[in-house]
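**Student:** So the mapping is simple: the numbering used here equals the position in the sequence shown, first residue as 1, plus 112. Just so you know, even glycine gets a beta-carbon here, dropped at the ideal spot from N, CA and C. Note that this is a predicted model, so its numbers are computed, not measured. Quick one: the structure is below, and I'll ask about it shortly.
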Amino acid sequence: MGRKKIGAFNEDFDFRLFSVIARKNAIWLALFILVSVSLGYLYVRYTPPLFEAYTVLKISDENQAVDVLGQRSIGQLDNINKLAGDIELIRSQVLARRVVDAMNIGISYYSKGTVLDFELYTGSPFNVDLDLKDSTFMNQPVFVEFTASNKYNISFSYNGSKISKTGLSLGSPVQLPFGNIVISANKSIRIKPQDENSDNKGFYFTINSPDLTAVEIIKSLNVIPLNVDANTILLKVTGKNAVKATDIANKLADEFNKYDVEKSSEAANSVLGFLDNTLTSVDQE
């Protein structure tokens with residue numbers, strides 16, 4: 113009769129032993145739980161949420177010349193090559209710059225909080241009309257503090273010096289070292305004077321560099337082939353503002369379609385020009 117082999121570890125759970133160990137290490141267990149909960153709270157409280165917008169592009173590549181000439185249809189390898197080229201085009205600086213030029217994102221508006229700042233993409237209580245004189249001032253914050261419904265103060269750093277102007281009126285032009293601006297109220301959003309006890313510690317705006325904005329769009333972009341046979345591409349844009357990410361995704365799709373139509377038109381015009389020249393030469397001969 114064989115003997116039962118006893119393993120090095122007991123397979124049964126000993127609750128009494130567990131309770132003894134837990135009592136001896138209660139302080140460390142409580143400390144571990146406290147630290148874990150605190151880190152989780154800090155991460156959730158002070159980390160801005162990220163939003164993801166996506167759209168699906170259907171790549172149409174109808175070659176009627178192939179059908180007329182009776183040649184073979186495009187194969188899967190050609191489809192993959194075509195999708196790869198379109199994906200690189202969407203990720204390119206060329207298309208990103210077209211999106212920047214087409215969208216009204218030359219100036220970004222932010223609400224300054226106690227810890228986090230939030231971009232007011234379509235919810236800014238004021239608008240800035242700018243005549244920029246010094247392009248080196250781009251991507252630097254200009255702080256705006258409303259002291260009344262139609263009065264504000266402005267401050268910023270320029271060439272290492274802090275400059276501030278107080279008692280300015282909304283709608284009136286202001287001459288600044290980097291250019292001339294006019295700050296007007298957004299009629300759909302009521303302006304409230306800043307309160308020291310409020311979470312909102314003021315507003316600021318930045319004049320965005322088109323090249324840097326295009327780079328940021330490319331970094332937030334993820335383009336992958338969705339279905340090679342169906343010629344579809346999945347385009348994803350990640351950002352801290354849901355509305356802005358959605359608008360960028362939609363505008364990328366629109367600009368890609370416009371660019372594709374422009375290039376197709378150029379190719380068609382080149383073919384027509386070649387045919388016209390050939391027919392003219394044949395007629396002369």
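Per DSSP, Asn320 forms a beta bridge with which residues?
**Tutor:** Per DSSP, none; premise fails for Asn320.
**Student:** Could you spell out where the alpha helix (DSSP H) holding Ile133 opens and where it closes?
**Tutor:** Looking at the DSSP string, the run of the alpha helix (DSSP H) that includes Ile133 is 127-136.
**Student:** May I ask you to list the residues that DSSP assigns as paired with Asp246?
**Tutor:** Answer is none; Asp246 lacks a bridge partner.
**Student:** Does DSSP put Asp179 in a helix, in a strand, or in coil?
**Tutor:** The predicted model places Asp179 with a pLDDT of 47, which falls under 50 and marks its position as unreliable; any figure quoted below should be read in that light. Three-state DSSP puts Asp179 in a helix.
**Student:** Which one of Tyr158, Leu162, Leu143, Leu151 has the shortest CA to CA distance from Ser332?
**Tutor:** If we check each option's Cα against that of Ser332, Leu162 comes out closest.
**Student:** Is the CB-CB distance between Gly218 and Asp246 below 8 Å?
**Tutor:** No, the Cβ-Cβ distance between Gly218 and Asp246 is not below 8 Å.
**Student:** Please identify the residue among Ala354, Ala357, Lys363, Asn339 whose C-alpha is closest to the C-alpha of Ala196.
**Tutor:** Answer by Cα proximity: Asn339.
**Student:** Lys224 and Gly351 - do their beta-carbons sit closer together than 8 Å?
**Tutor:** Not in contact: Gly351 and Lys224 (Cβ atoms no closer than 8 Å).
**Student:** Based on DSSP bridge pairs, tell me the residues matched to Ala297.
**Tutor:** Ala297 pairs with Phe238.
**Student:** Would the segment 131-151 count as touching the segment 322-332 if we require 3 or more Cβ pairs under 8 Å?
**Tutor:** They do not touch, by the three-pair rule.
**Student:** Could you pull the start and end residues of the alpha helix (DSSP H) that Val212 belongs to?
**Tutor:** First-last of the alpha helix (DSSP H) with Val212: 205-214.
**Student:** Within its chain, find whatever has a CB closer than 8 Å to the CB of Asp366; leave out the 5 residues flanking it on each side and keep chain order.
**Tutor:** If we look at Asp366 and ignore the five residues flanking it on each side, its Cβ neighbours are Ala214.
**Student:** Rounded C-beta distance between Lys348 and Glu164? I'm assuming under 8 Å.
**Tutor:** Going by Cβ atoms, the distance from Lys348 to Glu164 rounds to 6 Å, so yes, they are a contact pair.
**Student:** Where does Thr344 fall in DSSP's three states?
**Tutor:** It is a strand residue.
**Student:** Looking only at C-alpha atoms, which of Asn271, Val147, Ile301 sits nearest to Thr248?
**Tutor:** Answer by Cα proximity: Asn271.
**Student:** Between Ser273, Lys274, Asn265, Ile275, which has its C-alpha nearest Ser281's C-alpha?
**Tutor:** When only C-alpha atoms are compared, the closest one is Asn265.
**Student:** Among residues of its own chain, excluding the 5 on either side of Tyr316, which ones have a beta-carbon nearer than 7 Å to its beta-carbon?
**Tutor:** Correct list, in chain order: Tyr222, Lys224, Pro253, Val254, Phe255, Val256.
**Student:** Within the continuous beta strand (DSSP E) that includes Pro160, where are the two ends?
**Tutor:** Element bounds for Pro160: n/a, residue is neither H nor E.
**Student:** Do you know offhand how far Ile186's Cα is from Thr344's?
**Tutor:** Confidence is the limiting factor: at Ile186 the pLDDT is only 49, short of 50, which leaves the residue's position unreliable, though a coordinate-based value still follows. Rounded to whole angstroms, Ile186 to Thr344 spans 16 Å at the Cα level.
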